[in-house]
Amino acid sequence: HQQSAAQLRQVIIQELKTLQSAKLIRANIEPELEANALLALVNGVSLDSLIQAKRLSSDHQQIVIRRYVNELLSTHAISGSGNP
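Residue 720 in this note's numbering sits at position 77 of the sequence shown, and the numbers go up by one each step.
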């Protein structure tokens with residue numbers, strides 16, 4: 644599991660760097676740090692859904708994760724996506 648988790652982390656880091664180069668996410672983020680934060684958030688939401696099955700609906704889980712991801716987006720990407 645540790646190897647696959649490390650591989651997933653590397654994929655996320657590379658994707659964040661690609662998005663950053665394309666100016667779709669903010670230039671001032673650290674891809675390595677954000678990859679760790681995103682994985683921790685997703686793992687926490689997943690674990691919470693197992694422990695407290697009815698606490699967060701799948702819609703609310705998506706909202707929590709989207710809210711975090713939206714914070715990474717550049718202003719240009721947000722205005723170009725039709726999102727407020």
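Positions of the beta carbon are idealized from the N, C-alpha and C atoms, including for glycine. Quick caveat: nothing in here was measured; it's all calculated off a predicted structure.
CA nearest to the CA of Thr-718, picked from Ala-665, Glu-675, Val-685, Leu-651: Ala-665
For Gln-705 and Thr-661, the rounded distance between their alpha carbons: 23 Å
Contact set for Ile-672: own chain, Cβ-Cβ below 8 Å, skip 5 residues either direction: Leu-659, Gln-663, Leu-715
Beta-carbon proximity check, Ile-655 vs Ala-678, cutoff 8 Å: yes
Whole-angstrom distance between Ala-670 and Ser-701, CA atom to CA atom: 31 Å
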